[in-house]
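Novice: After the structure tokens below, expect a handful of questions from me.
Protein chains: 2
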Amino acid sequence: MPRTFEELHHLLNALPSPNHEARATAKARNDLLTKPQGALGKLEDLALWLAAWQGRDVPRLDKVQMLVFAGNHGVVARGVSAFPAEVTVQMVANFANGGAAINQLCRAAGAELKVLDLDLDRPTADFTQGPAMEDEDYLDALNKGMAQVEEDADLVCIGEMGIGNTTVSAAIAHALYGGDAKEWIGRGTGVDDAGLARKAEAVAVGRATHGAILGQPLQIARCLGGRELAAMAGAALAARLARIPVLIDGYVAAAALAPFHVAARDFLKHCWAAHVSAEPGHGLLLRRMGLSPLLDLGMRLGEGSGAATAIPLLRAALATHGGMASFADAGVAEKTD
Amino acid sequence: MPRTFEELHHLLNALPSPNHEARATAKARNDLLTKPQGALGKLEDLALWLAAWQGRDVPRLDKVQMLVFAGNHGVVARGVSAFPAEVTVQMVANFANGGAAINQLCRAAGAELKVLDLDLDRPTADFTQGPAMEDEDYLDALNKGMAQVEEDADLVCIGEMGIGNTTVSAAIAHALYGGDAKEWIGRGTGVDDAGLARKAEAVAVGRATHGAILGQPLQIARCLGGRELAAMAGAALAARLARIPVLIDGYVAAAALAPFHVAARDFLKHCWAAHVSAEPGHGLLLRRMGLSPLLDLGMRLGEGSGAATAIPLLRAALATHGGMASFADAGVAEKTD
């Protein structure tokens, strides 16, 4: 695990590739199944993507990890959220007690939920005033995220909880990609018009405050990010190093991974965006990241809820890829042209 | 079950309403759960819709019927499909043997598959030459579809198999809604450019041939439709009469129900479109029908495959609605404004 930015850069510059042979074998099977070529749309793409990253001709989803990271943010003091900061720790307790949306969704989708809270009693610094984290704090959170990924996982899903973290995400996106600060913000958990204006202001000031590091994506992650975002990026990195496919939840999870994508253009090859949320900046960010979301259900909860909702689509992909008969086996006539 | 068009009109003019009380109770529960209001997007809408039609404060999906109707079409003789007509009966055998996509998807989604083939050795007449069906044939197929719905079903999903039936669907849509015949056609199972041109021609000729009945939607269903489409409409009608919610599969299933929607404007209230397919006319048709699809995965298989893929979204909706803690129970602070 990287203990310096140099080591982190080194890892990002030597990422493992998918298994092209497993993908080719899976595709050969796919082409024989009793359906017109491509008629299952993205379900076929998903099966081949899972085959490529799992390195299995017939991929599986026996062990699905749902990793939820929680953090608190100094910028909340600027009145950018509809909920008070103590809700982060209260919701972590709700996860532990099984009462949150993600608990129910993981049970329904057959995923193992792991929640890691990152120093909730010690919010990051307000990024409008200075760096959110020092180097060691950032790298420590990243390493904690990496450590959550289990080598035998067939899929890792990445989500979060953190009052104020859609503001943090907008600040990262604005720093990485520019544009108008307003394009990257939304109502998050339901902030009112005045709060929305404060959010836009914080995002714009954040970029201005950290003008000196705008060309350095990992510094953007440290100075404008948060611990749960660093941990999410770490989890995605550890999954890549173990060639485990990743399902990214919402806006915050995407923003957490964006700096790595800017730093290493093929970083996201093992990732799929589970959904596009109601948060307006999310669709914009996914386009910048070259990701096409599986679902568009107007969700905006976080917690990994969108990723958990998308897991059954992957199961459907594998059920068809693994279980269907071929044209020859079924005695079905093929296309006439 | 209606034995005449008059009886059918009578049923369509006296459709039962949802249970508003069950919906209100379900909504009151939904508003207390530990998430920002509306943060689960369409999952919340789905839970309330299921509550309203099932008449249950806490809806369930214990018994999910997947009804797949198969038919053959005289218009296939005009070279409108990439596959020969015998594929319909071959695919019905594939369903029976468990080798098709829908078998795997139903198993993954916990749905009971019932396949009904409708006189596959006796295709409907070519609608470019005259009516596809006589009154009795149409009503017989409709009644067979009605008979497949079981009173204790919690959800009915409606799909089909029938070489040539995207041409039939385009002909119905063009007759009901007008526009350019080309807007309503697509490549179906993968027809080439020449076949696509023949398809557009057949659809345009179909509308012209039946100019006398264009104002009568049920006559359009009879003259330009097919037995499996009549059966799908019958199944949706029987579900409505029993207040069972319905998930509509693809373009053909939507086209099958469109005449009832034109005949009775609130007919589709108990229906949700599972997905929008790659067939270009499908999105257009859903907008005409006022339906918003749950999924957009580029699927174009039919068989009920899109509906089966969407079932887990409904299960996710019920898992959260039924299983989450309230703010009070979990000790989570509510919104500050």
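First to last, the protein sequences are chains A and B. Heads up, the first sequence is in this note's numbering, so the first residue is 822 and it goes up one at a time. Heads up, the second sequence is in this note's numbering, so the first residue is 822 and it goes up one at a time. We put the beta carbon where it would ideally sit given N, CA and C, even for glycine.
1) At the 8 Å Cβ level, is residue 881/A part of the contact set with chain B, yes or no?
2) Quick one: any contact between the region 1052-1072 of chain A and the region 898-912 of chain A, if contact means 3 or more CB pairs under 8 Å?
3) Pick helix, strand or coil for residue 1090/A, following the three-state DSSP scheme.
4) Please tell me whether residue 1141/B has its Cβ less than 8 Å away from any Cβ of chain A.
5) Using a Cβ cut-off of 7 Å, pull out every chain B residue sitting near residue 1150/A, in sequence order please.
6) With DSSP collapsed to three states, give me the class of residue 912/B.
7) Can you grab the Cα-Cα spacing for the pair residue 1011/B / residue 1121/B, in whole Å?
8) Can you say whether residue 995/B is buried or exposed, counting buried as having 16 or more other CB atoms within 10 angstroms of its CB?
9) Are the C-beta of residue 1106/B and some C-beta of chain A separated by less than 8 Å?
10) Can you tell me which of 1138/B, 1156/B, 1153/B puts its alpha carbon nearest to the alpha carbon of residue 1161/B?
11) Cutting at 6 Å between CB atoms, please list the residues of its own chain near residue 906/B, excluding the five before and the five after it.
12) For residue 960/B, is the classification buried or exposed, using 16 other Cβ atoms within 10 angstroms of its Cβ as the cut-off for buried?
13) Comparing the C-beta of residue 848/A with each C-beta of chain B, is any distance below 8 Å?
14) With a 10 Å radius around its C-beta and 16 neighbouring C-beta atoms as the bar for buried, classify residue 825/B as buried or exposed.
15) Helix, strand or coil: how does DSSP classify residue 1031/A here?
16) Please determine, among 858/B, 871/B, 1065/B, the residue with the shortest C-alpha to C-alpha distance to residue 847/B.
17) Just checking: is the beta-carbon of residue 862/A within a distance shorter than 8 Å of some beta-carbon in chain B?
18) Short check: CB of residue 1041/B to CB of residue 980/B, under 8 Å?
19) Quick one: does residue 1119/A have its CB under 8 Å from some CB of chain B?
20) Which residue comes first and which comes last in the beta strand (DSSP E) that contains residue 982/A?
21) Could you have a look at residue 961/B and say whether DSSP puts it in helix, strand or coil?
22) Grouping DSSP H, G and I as helix and E and B as strand, with all else coil, what is residue 885/B?
23) With residue 938/B as the anchor, note down where its alpha helix (DSSP H) starts and where it stops.
24) Between 891/A, 920/A, 900/A, 861/A, which lies nearest to residue 1017/A when the distance is taken from Cα to Cα?
25) Taking only the alpha-carbon atoms, compute the straight-line gap between residue 1044/B and residue 1028/B and give it to the nearest angstrom.
26) For residue 1035/A versus residue 882/A, is the C-beta spacing smaller than 8 Å?
27) Using a Cβ-Cβ cut-off of 8 Å, state whether residue 1040/B counts as contacting chain A.
28) Could you pull out every residue in the same chain whose Cβ sits closer than 7 Å to the Cβ of residue 822/B, ignoring the five residues on either side in sequence?
29) Check each candidate in 855/B, 1056/B, 1004/B and name the one with the smallest Cα separation from residue 1103/B.
30) With residue 1041/A as the anchor, note down where its alpha helix (DSSP H) starts and where it stops.
31) Can you name, in chain order, every residue of its own chain whose Cβ lies under 8 Å from the Cβ of residue 857/A, other than the five neighbours on each side?
32) Give the residues from the region 925-945 of chain A that approach chain B closer than 7 Å (Cβ to any Cβ), ordered along the chain.
33) Can you tell me which residues form a DSSP beta bridge with residue 1147/B?
34) Give me the DSSP bridge partner(s) of residue 894/A.
35) Just to check, is the beta-carbon of residue 1063/B closer than 7 Å to a non-hydrogen atom of the ligand MG?
36) I'd like the span of the alpha helix (DSSP H) that includes residue 861/B, first residue to last.
Specialist: So, from the data block:
1) If you number the first sequence from 1, residue 881/A lands on position 60. Closer than 8 Å: no.
2) No: fewer than three Cβ pairs fall under 8 Å.
3) By 1-based counting over the first sequence, the position of residue 1090/A is 269. Helix, per DSSP.
4) Within the second sequence, the letter at position 320 stands for residue 1141/B. Cβ-Cβ to chain A under 8 Å: yes for residue 1141/B.
5) Against the first sequence, residue 1150/A aligns to sequence position 329. Residues of chain B passing the Cβ test: 920.
6) Working through the second sequence from its first residue, we reach residue 912/B at position 91. The answer is helix: DSSP assigns residue 912/B an H, G or I state.
7) Your numbering for residue 1011/B matches position 190 in the second sequence. Your numbering for residue 1121/B matches position 300 in the second sequence. Their Cα atoms are separated by approximately 10 Å.
8) Residue 995/B sits at position 174 when you count from the first residue of the second sequence. By the C-beta density criterion, residue 995/B is buried, having at least 16 other C-beta atoms within 10 angstroms.
9) Within the second sequence, numbered from 1, the residue matching residue 1106/B stands at position 285. At a cut-off of 8 Å, the C-beta of residue 1106/B has no neighbouring C-beta in chain A.
10) Nothing can be reported for residue 1161/B, as the shown portion of chain B is limited to 822 through 1158.
11) For the purposes of this step, residue 906/B is taken as residue 85 along the second sequence, with counting starting at 1. Setting aside the 5 residues that flank it on each side, residue 906/B is surrounded in the same chain by 893, 897, 984, each with a C-beta closer than 6 Å to its C-beta; the list follows chain order.
12) Mapped onto the second sequence, residue 960/B falls at position 139. Buried, since its Cβ has 16 or more Cβ neighbours within 10 Å.
13) Within the first sequence, numbered from 1, the residue matching residue 848/A stands at position 27. By the rule that beta-carbons nearer than 8 Å mark a contact, residue 848/A does not touch chain B.
14) The residue labelled residue 825/B in the question sits at position 4 within the second sequence. Answer is exposed; the Cβ neighbour count stays below 16.
15) Counting from 1 along the first sequence, the entry for residue 1031/A is found at position 210. Shown here, residue 1031/A sits in coil according to DSSP, grouped into three states, outside any helix or strand.
16) Along the second sequence, one-based indexing puts residue 847/B at 26. Selected option, being the one with the closest Cα: 871/B.
17) Within the first sequence, residue 862/A is the residue found at index 41, counting from 1. With 8 Å as the cut-off, residue 862/A counts as an interface residue toward chain B.
18) As a first step, residue 1041/B is located in the second sequence; it is residue number 220 there, counting from the start. As a first step, residue 980/B is located in the second sequence; it is residue number 159 there, counting from the start. It is not a contact, given that the beta carbons lie outside the stated cut-off.
19) Walking along the first sequence from the start, residue 1119/A turns up at place 298. At least one chain B Cβ lies under 8 Å of residue 1119/A.
20) Translated into the one-based positions of the first sequence, residue 982/A becomes position 161. Residue 982/A: member of the beta strand (DSSP E) spanning 976-982, first to last residue.
21) To locate residue 961/B, count along the second sequence from 1; it is residue 140. DSSP places residue 961/B within a helical segment (H, G or I) once states are collapsed to three.
22) For the purposes of this step, residue 885/B is taken as the residue at position 64 of the second sequence. Strand.
23) Residue 938/B sits at position 117 when you count from the first residue of the second sequence. No alpha helix (DSSP H) holds residue 938/B; the beta strand (DSSP E) holding it covers 933-938.
24) Locating residue 1017/A in the first sequence gives position 196, counting from the first residue. Ranked by Cα distance from residue 1017/A, the options 891/A, 920/A, 900/A, 861/A are led by 900/A.
25) For the purposes of this step, residue 1044/B is taken as the residue at position 223 of the second sequence. For the purposes of this step, residue 1028/B is taken as the residue at position 207 of the second sequence. About 10 Å.
26) The count along the first sequence starts at 1 and reaches residue 1035/A at position 214. The count along the first sequence starts at 1 and reaches residue 882/A at position 61. No, they are not a contact pair.
27) Start at 1 with the first residue of the second sequence, and residue 1040/B comes out as number 219. By this cut-off, residue 1040/B is not an interface position.
28) Translated into positions along the second sequence, residue 822/B becomes position 1. Cβ within range, chain order: 964, 967.
29) For this step, residue 1103/B is matched to residue 282 along the second sequence. Distance check between residue 1103/B and each of 855/B, 1056/B, 1004/B places 1004/B closest, using alpha-carbon atoms only.
30) To locate residue 1041/A, count along the first sequence from 1; it is residue 220. Note, residue 1041/A: alpha helix (DSSP H), 1038-1045.
31) Translated into the one-based positions of the first sequence, residue 857/A becomes position 36. Contacts found: 1156.
32) Taking 7 Å as the Cβ-Cβ cut-off against chain B, the residues of the region 925-945 of chain A that qualify are 925, 926, 928, 929.
33) Along the second sequence, one-based indexing puts residue 1147/B at 326. In DSSP, residue 1147/B forms a bridge with 854/B.
34) Locating residue 894/A in the first sequence gives position 73, where the first residue counts as 1. Beta-bridge pairing links residue 894/A to 945/A.
35) The model depicted lacks the ligand MG and carries no ligand whatsoever.
36) Taking the second sequence and counting its residues from 1, one reaches residue 861/B at position 40. According to the DSSP assignment, residue 861/B belongs to no alpha helix (DSSP H), since it is labelled neither H nor E.
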